[in-house]
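Novice: Residue numbers (this note's numbering): 4 to 207.
So that we are looking at the same thing, I have put the structure below in structure tokens.
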């Protein structure tokens with residue numbers, strides 16, 4: 004029993020050290036860069052990953068596929084919408100149960116620690132990054148149907164994720180967990196909605 008208690012204490016201590024480092028990095032980067040014009044422009048562009056515009060993009064993709072009678076494009080839009088929807092549900096559930104002040108508030112260290120709570124206020128909902136979760140889920144959904152587009156769409160998602168720390172909206176851990184949520188959400192959707200098999204190229 005003593006060893007178990009010791010192991011728990013050590014785990015809590017390491018977790019505290021990790022969060023402290025996360026807070027230090029988040030504050031340091033945000034303090035240095037959040038007012039830089041490039042960061043402000045990139046941050047504004049990253050708002051495309053907010054829920055309303057992302058849902059609009061997903062629905063537009065479905066509509067375009069239906070109008071063009073393109074089954075692959077329609078399926079891509081459905082996959083995007085489903086992956087984004089699942090990622091949104093998961094991140095919303097976590098945000099509803101975890102309070103964490105955003106880096107740009109520069110509040111007390113305790114306020115920046117993820118703690119159980121139900122404050123439904125944007126400034127207190129830093130954990131996890133919804134923009135990252137949505138961007139990763141949608142990018143992976145597109146890449147699932149269009150492998151040739153994997154590099155640009157996933158690079159765009161990575162850019163959206165990366166800018167959240169300099170702009171002071173999220174700590175690194177928030178972004179990492181958001182990316183994991185997006186990845187897992189799309190993977191679950193892929194199990195339910197497998198990508199169509201590609202026709203093999205004729206041999207010469």
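Cβ atoms here follow ideal geometry from the backbone N, Cα and C, with glycine treated the same way.
None of these values were measured; they are calculated from a predicted model.
Indicate whether the contact test is met: 3 or more Cβ pairs, each with one atom in the segment 105-122 and one in the segment 26-44, closer than 8 Å.
Specialist: Touching, yes, given that three or more Cβ pairs across the two stretches are closer than 8 Å.
Novice: Taking the continuous alpha helix (DSSP H) assigned at residue 92, which residues delimit it?
Specialist: First-last of the alpha helix (DSSP H) with residue 92: 74-100.
Novice: Let me know if residue 207 comes out buried or exposed under the rule of 16 or more other beta-carbons within 10 Å of its beta-carbon.
Specialist: With a pLDDT of only 41 at residue 207, under the threshold of 50, the placement of this residue in the model should not be trusted; the figure read from the coordinates follows. By the 10 Å Cβ count, residue 207 comes out exposed.
Novice: Tell me the DSSP bridge mates of residue 119?
Specialist: The partner list for residue 119 (beta bridge, DSSP) reads 101.
Novice: For residue 63, does the count of other Cβ atoms within 10 angstroms reach 16, so buried, or fall short, so exposed?
Specialist: Burial call: exposed.
Novice: With 16 other CB atoms within 10 Å as the buried threshold, where does residue 175 fall?
Specialist: Classification for residue 175: buried.
Novice: Taking C-alpha atoms, which residue in 8, 99, 83 and 149 lies nearest to residue 123?
Specialist: Residue 123 has its Cα closest to that of 99, out of 8, 99, 83 and 149.
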